[in-house]
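The sequence shown begins at 1 in UniProt numbering and counts up by one.
By construction, the Cβ of each residue, glycine as well, lies at the ideal position given by its N, Cα and C atoms.
Just so it is clear, the structure is predicted and the values come from calculations on it, not from any experiment.
Take a look at the structure below.
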Amino acid sequence: MAPPIFTDDSAPKGNNASVKFDAKQHLAYQPPSDVLQMQDLGHDPTELSPLASTEPFSLLSRDAVLQHRRDIFSKDVLDNCMHHTRPGSVQIRGMVPRYASFVHEFWNSPEVLQIISKNAGVDLVPAMDYETSHTNVQLGPGGLDAVRNTPVEPPAATEEAIAEFEKEKPRTRVVTGQSKPIIEWHRDSHPFVCVVMLSDAQHMVGGETELLKADGSTLKVKAPQMGSAVILQGRYITHTAAPAANMPERITIVTSFRPRNPTLLDETTNANIRNKSHLTELYYQWTTYRLEVLAQRAQIAAKELREKYEQNVKASDPDGKQGLCRLETVDLKAIEAWMGGQMKYMRETLYEMRPLD
(Lines of atoms letter the chains of each structure in order from A and count residues from 1; the text may use other names and numbers.)
(Lines give C-alpha, C1' and ligand atoms only; values in the text may rest on other atoms or scores of the structure.)
Protein backbone atom coordinates (compact mmCIF):
# COMPACT_ATOMS: atom_id res chain seq x y z
CA MET A 1 0.00 0.00 0.00
CA ALA A 2 1.40 3.38 -0.96
CA PRO A 3 1.54 5.54 2.17
CA PRO A 4 -0.27 8.85 2.26
CA ILE A 5 1.86 11.95 1.95
CA PHE A 6 2.19 13.89 5.20
CA THR A 7 3.76 17.31 5.53
CA ASP A 8 3.60 20.01 8.16
CA ASP A 9 2.66 22.70 5.66
CA SER A 10 -0.49 24.65 6.20
CA ALA A 11 -3.36 23.39 4.08
CA PRO A 12 -6.27 25.08 2.36
CA LYS A 13 -9.34 25.57 4.47
CA GLY A 14 -11.47 22.51 5.13
CA ASN A 15 -14.60 21.73 3.18
CA ASN A 16 -17.90 23.35 3.96
CA ALA A 17 -20.19 20.59 5.21
CA SER A 18 -23.17 22.96 5.01
CA VAL A 19 -22.99 23.06 1.19
CA LYS A 20 -25.55 20.58 -0.12
CA PHE A 21 -25.92 19.37 -3.67
CA ASP A 22 -28.58 21.26 -5.59
CA ALA A 23 -29.17 20.09 -9.14
CA LYS A 24 -30.34 23.53 -10.28
CA GLN A 25 -27.22 25.18 -8.89
CA HIS A 26 -24.57 22.54 -9.48
CA LEU A 27 -25.44 20.98 -12.83
CA ALA A 28 -24.79 22.58 -16.22
CA TYR A 29 -25.55 19.51 -18.28
CA GLN A 30 -25.52 19.63 -22.05
CA PRO A 31 -25.66 16.29 -23.93
CA PRO A 32 -22.51 15.26 -25.79
CA SER A 33 -22.38 16.31 -29.43
CA ASP A 34 -21.34 12.83 -30.48
CA VAL A 35 -20.52 9.39 -29.10
CA LEU A 36 -18.08 6.69 -30.14
CA GLN A 37 -19.41 3.15 -30.28
CA MET A 38 -17.46 -0.05 -29.65
CA GLN A 39 -18.01 -0.95 -33.30
CA ASP A 40 -16.19 2.25 -34.30
CA LEU A 41 -13.11 0.69 -32.69
CA GLY A 42 -13.66 -2.64 -34.41
CA HIS A 43 -14.98 -4.28 -31.24
CA ASP A 44 -18.31 -5.97 -30.61
CA PRO A 45 -20.62 -4.29 -28.11
CA THR A 46 -20.05 -5.58 -24.59
CA GLU A 47 -22.75 -7.33 -22.58
CA LEU A 48 -23.31 -4.00 -20.84
CA SER A 49 -23.41 -1.40 -23.61
CA PRO A 50 -22.43 -0.57 -27.20
CA LEU A 51 -20.85 2.72 -26.03
CA ALA A 52 -17.08 3.18 -26.18
CA SER A 53 -16.78 6.86 -25.25
CA THR A 54 -18.66 10.12 -25.36
CA GLU A 55 -17.27 13.35 -26.68
CA PRO A 56 -16.68 15.89 -23.88
CA PHE A 57 -19.92 17.38 -22.57
CA SER A 58 -20.78 20.03 -20.00
CA LEU A 59 -21.71 18.55 -16.60
CA LEU A 60 -20.56 20.62 -13.59
CA SER A 61 -21.56 24.24 -13.08
CA ARG A 62 -18.89 26.66 -11.95
CA ASP A 63 -20.22 26.42 -8.39
CA ALA A 64 -19.87 22.63 -8.54
CA VAL A 65 -16.29 22.91 -9.80
CA LEU A 66 -15.41 25.25 -6.93
CA GLN A 67 -17.07 23.04 -4.31
CA HIS A 68 -15.31 19.94 -5.63
CA ARG A 69 -12.00 21.78 -5.32
CA ARG A 70 -12.93 23.04 -1.85
CA ASP A 71 -13.73 19.50 -0.67
CA ILE A 72 -10.82 17.74 -2.36
CA PHE A 73 -8.06 20.13 -1.31
CA SER A 74 -9.11 20.45 2.32
CA LYS A 75 -6.51 19.71 4.98
CA ASP A 76 -8.21 16.52 6.17
CA VAL A 77 -8.30 15.11 2.65
CA LEU A 78 -4.69 15.97 1.88
CA ASP A 79 -3.48 14.62 5.22
CA ASN A 80 -5.23 11.29 4.79
CA CYS A 81 -5.97 10.65 1.14
CA MET A 82 -3.03 11.84 -0.98
CA HIS A 83 -0.72 9.25 -2.56
CA HIS A 84 2.29 9.30 -4.88
CA THR A 85 1.46 7.58 -8.16
CA ARG A 86 4.15 8.40 -10.71
CA PRO A 87 6.83 11.07 -11.13
CA GLY A 88 5.26 14.48 -11.56
CA SER A 89 1.83 13.62 -10.22
CA VAL A 90 -0.16 12.62 -7.15
CA GLN A 91 -3.54 11.00 -6.70
CA ILE A 92 -6.10 11.90 -4.04
CA ARG A 93 -8.63 9.15 -3.36
CA GLY A 94 -10.87 7.62 -0.72
CA MET A 95 -12.15 10.92 0.64
CA VAL A 96 -15.90 10.32 0.43
CA PRO A 97 -18.12 10.47 2.33
CA ARG A 98 -16.05 11.18 5.45
CA TYR A 99 -14.05 14.18 4.26
CA ALA A 100 -15.95 15.31 1.16
CA SER A 101 -19.69 15.24 1.74
CA PHE A 102 -20.62 17.43 -1.22
CA VAL A 103 -18.63 15.28 -3.64
CA HIS A 104 -20.41 12.20 -2.28
CA GLU A 105 -23.84 13.81 -2.64
CA PHE A 106 -23.06 14.98 -6.18
CA TRP A 107 -22.02 11.61 -7.58
CA ASN A 108 -24.77 9.68 -5.80
CA SER A 109 -27.58 12.07 -6.71
CA PRO A 110 -30.43 10.72 -8.88
CA GLU A 111 -29.90 13.58 -11.33
CA VAL A 112 -26.23 12.81 -11.96
CA LEU A 113 -26.77 9.05 -12.07
CA GLN A 114 -29.52 9.55 -14.64
CA ILE A 115 -27.15 11.58 -16.84
CA ILE A 116 -24.33 9.06 -16.55
CA SER A 117 -26.62 6.08 -17.14
CA LYS A 118 -28.39 7.62 -20.11
CA ASN A 119 -25.12 8.34 -21.88
CA ALA A 120 -23.57 4.98 -20.94
CA GLY A 121 -26.57 3.05 -22.22
CA VAL A 122 -26.98 1.08 -18.97
CA ASP A 123 -28.21 1.93 -15.46
CA LEU A 124 -25.09 2.61 -13.38
CA VAL A 125 -24.11 3.37 -9.77
CA PRO A 126 -20.74 4.40 -8.30
CA ALA A 127 -18.54 1.31 -8.02
CA MET A 128 -17.66 2.06 -4.38
CA ASP A 129 -17.24 5.15 -2.24
CA TYR A 130 -13.49 4.66 -2.58
CA GLU A 131 -13.78 5.08 -6.35
CA THR A 132 -15.77 8.30 -6.19
CA SER A 133 -13.96 11.32 -7.59
CA HIS A 134 -10.40 10.10 -7.26
CA THR A 135 -8.29 13.08 -8.25
CA ASN A 136 -5.22 13.23 -10.48
CA VAL A 137 -2.98 16.25 -9.97
CA GLN A 138 -0.18 17.02 -12.42
CA LEU A 139 2.53 18.66 -10.36
CA GLY A 140 3.94 22.02 -11.37
CA PRO A 141 7.07 23.88 -10.26
CA GLY A 142 5.90 24.02 -6.65
CA GLY A 143 5.71 20.25 -6.28
CA LEU A 144 3.86 18.82 -3.28
CA ASP A 145 3.90 22.11 -1.40
CA ALA A 146 1.88 23.68 -4.18
CA VAL A 147 -0.75 20.94 -3.95
CA ARG A 148 -1.43 21.98 -0.37
CA ASN A 149 -1.88 25.55 -1.53
CA THR A 150 -4.24 24.75 -4.38
CA PRO A 151 -6.79 27.57 -4.51
CA VAL A 152 -10.52 27.01 -4.69
CA GLU A 153 -10.66 29.34 -7.69
CA PRO A 154 -8.92 27.67 -10.67
CA PRO A 155 -5.98 29.75 -11.90
CA ALA A 156 -6.78 31.48 -15.17
CA ALA A 157 -4.86 30.10 -18.13
CA THR A 158 -2.99 33.32 -18.84
CA GLU A 159 0.27 33.30 -20.77
CA GLU A 160 2.18 34.14 -17.59
CA ALA A 161 0.55 31.38 -15.54
CA ILE A 162 1.13 28.80 -18.26
CA ALA A 163 4.77 29.81 -18.63
CA GLU A 164 5.37 29.49 -14.87
CA PHE A 165 3.76 26.05 -14.75
CA GLU A 166 5.69 24.78 -17.76
CA LYS A 167 9.04 26.21 -16.72
CA GLU A 168 10.16 23.59 -14.24
CA LYS A 169 7.96 20.54 -14.71
CA PRO A 170 9.35 17.47 -16.53
CA ARG A 171 9.26 17.64 -20.29
CA THR A 172 6.06 16.18 -21.70
CA ARG A 173 5.95 13.32 -24.16
CA VAL A 174 3.29 12.61 -26.75
CA VAL A 175 1.67 9.20 -26.69
CA THR A 176 2.26 8.13 -30.26
CA GLY A 177 5.64 8.51 -31.95
CA GLN A 178 7.82 8.74 -28.86
CA SER A 179 9.19 6.29 -26.35
CA LYS A 180 6.69 6.32 -23.51
CA PRO A 181 3.26 7.81 -22.67
CA ILE A 182 2.63 9.64 -19.41
CA ILE A 183 0.25 6.78 -18.44
CA GLU A 184 0.91 3.25 -19.70
CA TRP A 185 -1.56 1.52 -21.99
CA HIS A 186 -4.10 -0.14 -19.72
CA ARG A 187 -7.70 -1.12 -19.09
CA ASP A 188 -9.59 0.29 -16.13
CA SER A 189 -10.55 -1.70 -13.06
CA HIS A 190 -14.23 -0.78 -13.39
CA PRO A 191 -16.71 -1.03 -16.27
CA PHE A 192 -17.27 2.71 -16.79
CA VAL A 193 -15.51 5.89 -15.73
CA CYS A 194 -16.54 9.53 -15.89
CA VAL A 195 -13.58 11.92 -16.17
CA VAL A 196 -14.10 15.61 -15.33
CA MET A 197 -11.70 18.54 -15.70
CA LEU A 198 -11.41 20.87 -12.68
CA SER A 199 -8.83 23.24 -14.22
CA ASP A 200 -8.86 26.00 -16.81
CA ALA A 201 -8.01 24.06 -19.97
CA GLN A 202 -8.96 26.59 -22.62
CA HIS A 203 -5.43 26.65 -24.11
CA MET A 204 -4.48 23.06 -23.28
CA VAL A 205 -2.25 21.21 -25.71
CA GLY A 206 -2.48 17.41 -25.56
CA GLY A 207 -4.38 15.65 -22.80
CA GLU A 208 -6.35 13.44 -25.16
CA THR A 209 -7.41 9.91 -24.32
CA GLU A 210 -6.04 7.53 -26.95
CA LEU A 211 -8.02 4.36 -27.62
CA LEU A 212 -6.60 1.18 -29.15
CA LYS A 213 -8.66 -0.18 -32.03
CA ALA A 214 -9.01 -3.85 -32.91
CA ASP A 215 -6.71 -3.47 -35.94
CA GLY A 216 -3.90 -2.00 -33.83
CA SER A 217 -4.41 1.60 -34.88
CA THR A 218 -5.51 4.26 -32.40
CA LEU A 219 -8.18 6.91 -32.11
CA LYS A 220 -8.03 10.00 -29.93
CA VAL A 221 -10.84 11.50 -27.86
CA LYS A 222 -10.23 15.14 -27.02
CA ALA A 223 -9.89 16.15 -23.40
CA PRO A 224 -12.71 17.98 -21.59
CA GLN A 225 -12.70 21.65 -20.67
CA MET A 226 -13.31 22.86 -17.10
CA GLY A 227 -16.53 21.38 -15.74
CA SER A 228 -16.92 19.08 -18.72
CA ALA A 229 -16.86 15.30 -18.67
CA VAL A 230 -16.09 12.25 -20.78
CA ILE A 231 -17.67 8.83 -20.16
CA LEU A 232 -15.56 5.82 -21.19
CA GLN A 233 -16.24 2.07 -21.03
CA GLY A 234 -12.67 1.74 -19.89
CA ARG A 235 -12.78 -1.85 -18.60
CA TYR A 236 -13.09 -3.13 -22.15
CA ILE A 237 -10.96 -0.64 -24.11
CA THR A 238 -7.17 -0.50 -23.94
CA HIS A 239 -6.30 3.18 -23.64
CA THR A 240 -3.80 5.73 -22.44
CA ALA A 241 -3.64 9.47 -21.76
CA ALA A 242 -1.45 11.96 -23.54
CA PRO A 243 0.42 14.46 -21.36
CA ALA A 244 -1.07 17.92 -21.23
CA ALA A 245 0.75 21.20 -21.67
CA ASN A 246 -0.10 24.89 -21.83
CA MET A 247 -2.05 24.90 -18.56
CA PRO A 248 -1.37 26.68 -15.24
CA GLU A 249 -2.44 23.44 -13.49
CA ARG A 250 -4.07 20.17 -14.46
CA ILE A 251 -6.56 18.56 -12.08
CA THR A 252 -8.97 15.85 -13.21
CA ILE A 253 -11.40 13.73 -11.22
CA VAL A 254 -12.52 10.21 -12.10
CA THR A 255 -15.58 8.43 -10.75
CA SER A 256 -15.95 4.72 -11.52
CA PHE A 257 -19.29 3.02 -12.15
CA ARG A 258 -20.75 -0.49 -12.26
CA PRO A 259 -24.20 -1.78 -13.26
CA ARG A 260 -27.01 -1.24 -10.80
CA ASN A 261 -28.64 -4.51 -11.88
CA PRO A 262 -26.87 -7.28 -9.91
CA THR A 263 -27.59 -9.87 -12.59
CA LEU A 264 -25.56 -8.05 -15.24
CA LEU A 265 -21.94 -8.88 -15.98
CA ASP A 266 -19.64 -7.56 -13.26
CA GLU A 267 -15.94 -7.94 -14.10
CA THR A 268 -14.75 -5.23 -11.71
CA THR A 269 -11.25 -5.71 -10.31
CA ASN A 270 -8.84 -3.95 -7.94
CA ALA A 271 -5.94 -4.29 -10.37
CA ASN A 272 -4.98 -0.64 -10.77
CA ILE A 273 -5.91 0.69 -7.35
CA ARG A 274 -4.57 -1.53 -4.58
CA ASN A 275 -1.12 0.08 -4.54
CA LYS A 276 -2.58 3.54 -4.00
CA SER A 277 -5.26 2.82 -1.41
CA HIS A 278 -5.70 2.22 2.29
CA LEU A 279 -6.33 -1.50 1.94
CA THR A 280 -8.22 -1.88 5.22
CA GLU A 281 -10.92 0.50 3.98
CA LEU A 282 -10.79 -0.59 0.34
CA TYR A 283 -11.19 -4.27 1.18
CA TYR A 284 -14.12 -3.57 3.51
CA GLN A 285 -15.95 -1.63 0.79
CA TRP A 286 -14.99 -4.18 -1.86
CA THR A 287 -16.13 -7.20 0.15
CA THR A 288 -19.43 -5.71 1.29
CA TYR A 289 -20.34 -4.56 -2.23
CA ARG A 290 -19.59 -8.02 -3.62
CA LEU A 291 -21.57 -9.75 -0.86
CA GLU A 292 -24.51 -7.42 -1.47
CA VAL A 293 -24.45 -8.31 -5.17
CA LEU A 294 -24.40 -12.01 -4.28
CA ALA A 295 -27.29 -11.55 -1.84
CA GLN A 296 -29.35 -9.70 -4.44
CA ARG A 297 -28.65 -12.39 -7.03
CA ALA A 298 -29.74 -15.09 -4.56
CA GLN A 299 -32.93 -13.19 -3.72
CA ILE A 300 -33.75 -12.84 -7.42
CA ALA A 301 -33.10 -16.55 -8.05
CA ALA A 302 -35.26 -17.55 -5.08
CA LYS A 303 -38.08 -15.27 -6.25
CA GLU A 304 -37.99 -16.84 -9.71
CA LEU A 305 -38.20 -20.33 -8.17
CA ARG A 306 -41.16 -19.33 -5.99
CA GLU A 307 -42.98 -17.92 -9.01
CA LYS A 308 -42.28 -21.05 -11.06
CA TYR A 309 -43.44 -23.24 -8.18
CA GLU A 310 -46.73 -21.34 -7.91
CA GLN A 311 -47.29 -21.79 -11.65
CA ASN A 312 -46.57 -25.52 -11.37
CA VAL A 313 -48.99 -25.88 -8.46
CA LYS A 314 -51.76 -24.17 -10.41
CA ALA A 315 -51.05 -26.35 -13.43
CA SER A 316 -50.84 -29.68 -11.60
CA ASP A 317 -52.97 -29.58 -8.44
CA PRO A 318 -56.78 -29.55 -8.80
CA ASP A 319 -57.09 -27.75 -5.48
CA GLY A 320 -54.21 -25.37 -6.17
CA LYS A 321 -52.60 -26.29 -2.88
CA GLN A 322 -48.89 -26.09 -2.22
CA GLY A 323 -46.93 -28.77 -0.39
CA LEU A 324 -46.93 -31.66 -2.85
CA CYS A 325 -46.18 -30.31 -6.31
CA ARG A 326 -45.41 -33.17 -8.68
CA LEU A 327 -43.96 -31.02 -11.46
CA GLU A 328 -40.23 -30.31 -11.57
CA THR A 329 -39.51 -26.78 -10.35
CA VAL A 330 -35.73 -26.86 -9.95
CA ASP A 331 -33.78 -27.35 -13.19
CA LEU A 332 -30.68 -29.04 -11.79
CA LYS A 333 -28.46 -28.14 -14.73
CA ALA A 334 -29.59 -24.52 -14.60
CA ILE A 335 -29.07 -24.20 -10.85
CA GLU A 336 -25.68 -25.89 -11.15
CA ALA A 337 -24.65 -23.34 -13.77
CA TRP A 338 -25.98 -20.48 -11.65
CA MET A 339 -24.13 -21.65 -8.56
CA GLY A 340 -20.97 -22.13 -10.59
CA GLY A 341 -21.19 -18.51 -11.67
CA GLN A 342 -21.60 -17.30 -8.10
CA MET A 343 -18.69 -19.42 -6.87
CA LYS A 344 -16.55 -17.94 -9.64
CA TYR A 345 -17.63 -14.48 -8.50
CA MET A 346 -16.63 -15.33 -4.92
CA ARG A 347 -13.24 -16.67 -6.01
CA GLU A 348 -12.63 -13.48 -7.98
CA THR A 349 -13.65 -11.43 -4.96
CA LEU A 350 -11.00 -13.14 -2.85
CA TYR A 351 -8.35 -13.02 -5.58
CA GLU A 352 -8.64 -9.25 -5.79
CA MET A 353 -7.48 -9.07 -2.15
CA ARG A 354 -4.33 -11.16 -2.68
CA PRO A 355 -1.04 -9.89 -1.19
CA LEU A 356 0.64 -7.06 -3.06
CA ASP A 357 3.68 -8.04 -5.11
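Coarse secondary structure for Arg347, derived from DSSP in three states:
Three-state DSSP puts Arg347 in a helix.
Candidates Phe21, His104, Gly234: which alpha carbon is nearest Leu41's?
Of the candidates Phe21, His104, Gly234, the one whose C-alpha sits nearest the C-alpha of Leu41 is Gly234.
Would Gly339 be called buried (16 or more neighbouring beta carbons within 10 Å of its own) or exposed?
This sequence places Met at residue 339; Gly is not what is there. Exposed, by the Cβ-count rule.
Count the C-beta pairs between the segment 214-224 and the segment 44-57 that are closer than 8 Å, then say yes if the count reaches three, no if not.
As far as the Cβ criterion goes, the segment 214-224 touches the segment 44-57, which means the pair count is three or higher.
My assumption, with CB atoms under 8 Å, is that Leu124 sits in contact with Phe257. Please give the rounded CB distance.
Yes, Leu124 and Phe257 are in contact; Cβ-Cβ is about 4 Å, under 8 Å.
Under the three-state DSSP convention, the category Gly177 falls into:
With a pLDDT of 44 at Gly177, under the threshold of 50, the modelled position of this residue cannot be trusted; read the value that follows with caution. Shown here, Gly177 sits in coil according to DSSP, grouped into three states, outside any helix or strand.
Can you tell me where the alpha helix (DSSP H) holding Ile273 begins and where it ends?
Per DSSP, Ile273 belongs to no alpha helix (DSSP H) and is neither H nor E.
Residues bridged to Glu210 (per DSSP):
Per DSSP, Lys220, Thr240.
Looking at the structure shown, is Pro259 part of a helix, part of a strand, or coil, going by DSSP?
The three-state secondary structure of Pro259, taken from DSSP, is strand.
Could you tell me which residues DSSP pairs with Arg250 in its beta bridges?
Its beta-bridge partners are Gln138.
Which one of Met247, Glu111, Gln342 has the shortest CA to CA distance from Val293?
Out of Met247, Glu111, Gln342, Gln342 has the C-alpha closest to the C-alpha of Val293.
Nearest to Val22 by CA position, among Pro45, Lys220, Ser101, is which residue?
With the sequence shown as reference, residue 22 is identified as Asp, and Val is not the correct amino acid for it. Here the closest residue by C-alpha is Ser101.
For Val103, the first and last residue of its enclosing alpha helix (DSSP H)
Residue range 101-108 is occupied by the alpha helix (DSSP H) that includes Val103.
Who are the near neighbours of Pro46 in its chain, counting only those whose CB is closer than 7 Å to its CB and skipping five residues on each side?
The residue you asked about is not Pro; residue 46 is Thr in the sequence shown. Taken in chain order, the residues that qualify are Met38, Gln233, Tyr236.
Note down the Cα distance separating Val103 from Ser117, rounded to an integer number of angstroms.
Rounded to whole angstroms, Val103 to Ser117 spans 18 Å at the Cα level.
Limits of the unbroken beta strand (DSSP E) element including Cys194:
Its beta strand (DSSP E) spans residues 192-197.
To which residues of the same chain is His43 closer than 6 Å at the C-beta, ignoring the five residues directly before and after it?
Ala214, listed in sequence order.
Alpha carbon to alpha carbon, how far is Pro141 from Arg98? Give it in angstroms, no decimals.
Rounded to whole angstroms, Arg98 and Pro141 show a C-alpha spacing of 31 Å.
Under 8 Å: do the segment 67-85 and the segment 148-157 share three or more Cβ pairs, one atom per stretch?
The answer is yes - the segment 148-157 touches the segment 67-85, with three or more Cβ pairs under 8 Å.
Report the rounded CA-to-CA distance for Asn272 versus Ser89, giving the unit in angstroms.
One C-alpha to the other measures close to 16 Å.
I'd like to know whether the C-beta atoms of Pro262 and Arg297 end up nearer to each other than 8 Å.
The Cβ atoms of Pro262 and Arg297 lie closer than 8 Å to each other.
Could you pull the start and end residues of the alpha helix (DSSP H) that Val313 belongs to?
Run containing Val313: 279-316, per the alpha helix (DSSP H) assignment.
Closest to His83 by CA distance: which of Lys333, Leu144, Tyr345, Ala201 is it?
Out of Lys333, Leu144, Tyr345, Ala201, Leu144 has the C-alpha closest to the C-alpha of His83.
Is it a yes or a no for the segment 190-200 touching the segment 245-252, going by three-plus beta-carbon pairs under 8 Å?
Result yes; three or more Cβ-Cβ pairs closer than 8 Å.
For Met38, the three-state DSSP class (helix, strand or coil):
In this structure, Met38 counts as helix in the three-state DSSP scheme.
Taking the alpha carbon of Ser228 as the reference point, which residue from Lys314, Pro31, Glu310, Glu281 has its own alpha carbon closest?
Checking every option, the nearest Cα to that of Ser228 belongs to Pro31.
Residues bridged to Leu51 by DSSP?
Partner residues in the beta bridge of Leu51, as assigned by DSSP, are Gln37.
At what residues does the alpha helix (DSSP H) containing Ala23 begin and finish?
Taken as a continuous stretch (DSSP letters only), the alpha helix (DSSP H) holding Ala23 covers 23-26.
Take Thr280 as the anchor and find which of Gln322, Ala244, Arg354 has the nearest alpha-carbon.
Of all alpha-carbon atoms in Gln322, Ala244, Arg354, the one lying nearest the alpha-carbon of Thr280 is that of Arg354.
Beta-ladder partner(s) of Ala146, from DSSP
Among the bridge pairs identified by DSSP, Ala146 is matched with none.
With a threshold of 16 other CB atoms inside 10 Å of the CB of Val175, please say whether the residue is buried or exposed.
Here the model assigns Val175 a pLDDT of 44, short of 50, so the residue's position is not dependable and the matter cannot be decided.
DSSP has His84 in a bridge; who is on the other side?
Answer by DSSP bridge pairing, in chain order: Val90.
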